[in-house]
Amino acid sequence: MLEIIDQTKSEILSIQAGSHEQVEAFRIKYLSRKGIIPQLFDQLKELPPEQKKNVGKPLNELKQLAEAKLKEWTAELGNRMADVGPDMDLTLPPVPDKIGSRHPLNLTRYLIISIFERLGFNVADGPEIEDDWHNFTALNFPENHPAREMQDTFFIARNPDMLLRTHTSNVQIRLMEKQKPPIRAIMPGRVYRNEAISARAHCFFHQVEGLYVDRTVSFADLKQTLYHFAKEMFGKNTKIRLRPSFFPFTEPSAEIDVSCFICHGKGCNICKYSGWVEIAGSGMVHPNVLRNCGIDPEEYTGFAFGMGIERVTMLRYGINDLRLFSENDIRFLKQFKKVL
Ligand code: DAH
């Protein structure tokens, strides 16, 4: 045994380990559970007591030598790698940074904005925590009218005059209060409604409001503007359809449908086999609303519209569950990297 110990000693003394791999190979060969040195210790146990003494000492020294070498090399490697981190191998190809992607709702928002910007619309913004006047009263919702409840409003308990806006139409009012016509703006933003969360409803979502007020703005302008938008957004062959509707802040009012761009009118489950999908509410700004903002309805007219960004996004990408937009699941979000 003494011979093996001697031999192992000179072997160890001749080794120079300069990399993590070599140091690890050394550790495994000499010091791991099944390594040479622990095995020699196992053999030591079997020896008669008088021999144990002779062999034990040099074997302990051998172990100390191996451990000292290991320590020395590890420290050396540590120093050398200190600048670049302990486990960094500079010869490996670089791992590209993971670049985040734009949220699909933002992609749609940017697209909507860019279409209207080319028509001369500005982008305007307003508060999400709003007072009753800007969300309802100025928009010609009668006091105590059930229409206020229709929108499932979150009222603020400490101050019943304050609420989370139920639509972006509040920004119309704020804009008209502080700016003289001509006004041509779109107003994207988040809105809130007290609805049970499901695949088709959420307690918050996003809208884009549009407003154009000037002398001689007519229903024909509304129709043509939204027709142009629909073609830019959903493709050249898109048609629009206007259905009579009611909103307190517009008269007359219309829902805007676009021809289904999935089946092109043949019928599919996106358009529920009708060939049309609803994308916006719209109408001519009610004279009371203009008056409430200090604009003379005898001199000016305007049109307005409002559409849901979630709805348009779901149609564009064939997304069937509204909750996906707010769950922040990267598997969902990363699919929108290159699409605008
Ligand atoms: N504010 C309406 C809603 O949230 C949408 C809307 C309809 C906005 C007609 C308008 C409009 O500006 O003219 O349901």
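Its first residue numbered 0, the sequence shown is counted upward by one per residue in numbering that gives the first Met the number 0. We put the beta carbon where it would ideally sit given N, CA and C, even for glycine.
### R164 and N134 closer than 8 Å at C-beta
On the sequence shown, position 165 is the one that residue 164 refers to. On the sequence shown, position 135 is the one that residue 134 refers to. Yes, Cβ-Cβ distance for R164 and N134 is below 8 Å.
### Task
May I have a chain-ordered list of the alpha helix (DSSP H) segments no shorter than 4 residues that lie completely inside the region 275 to 334?
With a minimum length of 4 residues, the continuous alpha helix (DSSP H) runs that stay inside the region 275 to 334 are 286 to 291, 308 to 316, 329 to 332.
### Query
Is the Cβ-Cβ distance between G280 and F228 less than 8 Å?
For the purposes of this step, residue 280 is taken as residue 281 along the sequence shown, with counting starting at 1. For the purposes of this step, residue 228 is taken as residue 229 along the sequence shown, with counting starting at 1. No, they are not a contact pair.
### Task
Let me know the secondary structure DSSP gives A67 once reduced to three states.
Numbered from its first residue, the sequence shown carries residue 67 at position 68. Looking at A67 - three-state DSSP - the assignment turns out to be helix.
#### Entry: Any non-hydrogen atom of the ligand HEM within 7 Å of S281 CB
What this structure holds is the ligand DAH, not the ligand HEM.
### Query
Beta carbon of I11, beta carbon of A65: below 8 Å?
Numbered from its first residue, the sequence shown carries residue 11 at position 12. Numbered from its first residue, the sequence shown carries residue 65 at position 66. Closer than 8 Å, so yes.
### Task
Report the rounded CA-to-CA distance for V338 versus A24, giving the unit in angstroms.
The residue given as residue 338 occupies position 339 in the sequence shown. The residue given as residue 24 occupies position 25 in the sequence shown. Below a pLDDT of 50, predicted positions are generally treated as unreliable, and V338, at 47, falls in that range; no measurement from the model is reported.
### Task
State yes or no: is the C-beta of H201 nearer than 7 Å to some heavy atom of the ligand DAH?
Position 202 of the sequence shown, counted from the start, is the residue given in the question as residue 201. No; taking the cut-off as 7 Å, the Cβ of H201 has no heavy atom of the ligand DAH nearer than that.
### Query
Hey, how far is the Cα of P48 from the Cα of V54?
In the sequence shown, the residue the question calls residue 48 occupies position 49. In the sequence shown, the residue the question calls residue 54 occupies position 55. Cα-Cα distance, rounded: 10 Å.
#### Entry: Element boundaries [beta strand (DSSP E), containing H205]
Here the question's residue 205 lines up with position 206 in the sequence shown. Taken as a continuous stretch (DSSP letters only), the beta strand (DSSP E) holding H205 covers 203 to 213.
### Contacting residues, own chain, Cβ-Cβ under 8 Å from E129 (five flanking each side not counted)
Translated into the one-based positions of the sequence shown, residue 129 becomes position 130. For E129, where only same-chain residues beyond five positions count, the Cβ hits under 8 Å are M161, L162, L163, R164, N169.
### Beta-carbon proximity of Q38 to M0, cut-off 8 Å
Taking the sequence shown and counting its residues from 1, the one referred to as residue 38 is at position 39. Taking the sequence shown and counting its residues from 1, the one referred to as residue 0 is at position 1. No, these two residues do not count as a Cβ contact at 8 Å.
### Task
Report all residues from its chain with a CB closer than 7 Å to the CB of L114; omit the five preceding and five following residues, and keep chain order.
In the sequence shown, the residue the question calls residue 114 occupies position 115. Per the sequence presented here, residue 114 reads as Ile, with Leu not at that position. Counting only residues of its own chain and dropping the five nearest sequence neighbours on each side, I114 has a CB closer than 7 Å to the CB of F228, E231, M232.
### Query
Curious, which full-length alpha helix (DSSP H) runs of at least 4 residues does the region 25 to 113 contain?
As far as the region 25 to 113 is concerned, its whole alpha helix (DSSP H) runs of at least 4 residues are 35 to 45, 48 to 80.
#### Entry: Sheet register partners of Y191 (DSSP bridge)
Locating residue 191 in the sequence shown gives position 192, where the first residue counts as 1. The partner list for Y191 (beta bridge, DSSP) reads F203.
#### Entry: Which of helix, strand or coil DSSP assigns to V257
Indexing the sequence shown from 1 puts residue 257 at position 258. DSSP places V257 in strand when its eight states are reduced to three.
### Query
DSSP three-state call for P145: helix, strand or coil?
Translated into positions along the sequence shown, residue 145 becomes position 146. It is helical.
### Message
With a threshold of 7 Å (Cβ to nearest heavy atom), would H205 be considered close to the ligand DAH?
### Response
Within the sequence shown, numbered from 1, the residue matching residue 205 stands at position 206. Because no heavy atom of the ligand DAH lies under 7 Å away, the Cβ of H205 does not count as near it: no.
### Task
With DSSP collapsed to three states, give me the class of N134.
Residue mapping note: residue 134 aligns to position 135 of the sequence shown, counting from 1. Helix.
### Task
List the residues that DSSP assigns as beta-bridge partners of M186.
Reading the sequence shown from its first residue, position 187 is the one you call residue 186. Note: M186 sits in a beta bridge opposite E208.
### Query
S325 to L110, Cα distance in whole Å?
In the sequence shown, the residue the question calls residue 325 occupies position 326. In the sequence shown, the residue the question calls residue 110 occupies position 111. As the crow flies, the alpha-carbon of S325 is around 20 Å from that of L110.
### Message
Helix, strand or coil, according to DSSP, for R173 in the structure here?
### Response
For the purposes of this step, residue 173 is taken as the residue at position 174 of the sequence shown. The answer is helix: DSSP assigns R173 an H, G or I state.
### Query
How would you call V122, buried or exposed, if buried means at least 16 neighbouring beta carbons within 10 angstroms?
Taking the first residue of the sequence shown as 1, we reach residue 122 at position 123. When all chains shown are included, V122 counts as exposed.
### Task
Give a yes or no on whether the C-beta atoms belonging to L210 and I182 are separated by under 8 Å.
Along the sequence shown, one-based indexing puts residue 210 at 211. Along the sequence shown, one-based indexing puts residue 182 at 183. Yes, the pair counts as a contact, with Cβ atoms nearer than the cut-off.
### Task
Drop a sphere of 10 angstroms on the beta-carbon of G305, count the other beta-carbons inside from all chains shown, and report buried for 16 or more, exposed for fewer.
Sequence index remark: in the sequence shown, residue 305 carries index 306 (1-based). G305 should be labelled buried.
#### Entry: Same chain, Cβ closer than 6 Å to K62, five either side skipped, listed in chain order
Stepping through the sequence shown from its first residue, residue 62 is reached at position 63. I36, listed in sequence order.
### Task
Specify the secondary structure class of K8 as computed by DSSP and reduced to three states.
As a first step, residue 8 is located in the sequence shown; it is residue number 9 there, counting from the start. The answer is helix: DSSP assigns K8 an H, G or I state.
### Task
For S252, write down the residues that DSSP places opposite it in a beta bridge.
For the purposes of this step, residue 252 is taken as the residue at position 253 of the sequence shown. Its beta-bridge partners are S244, G282.
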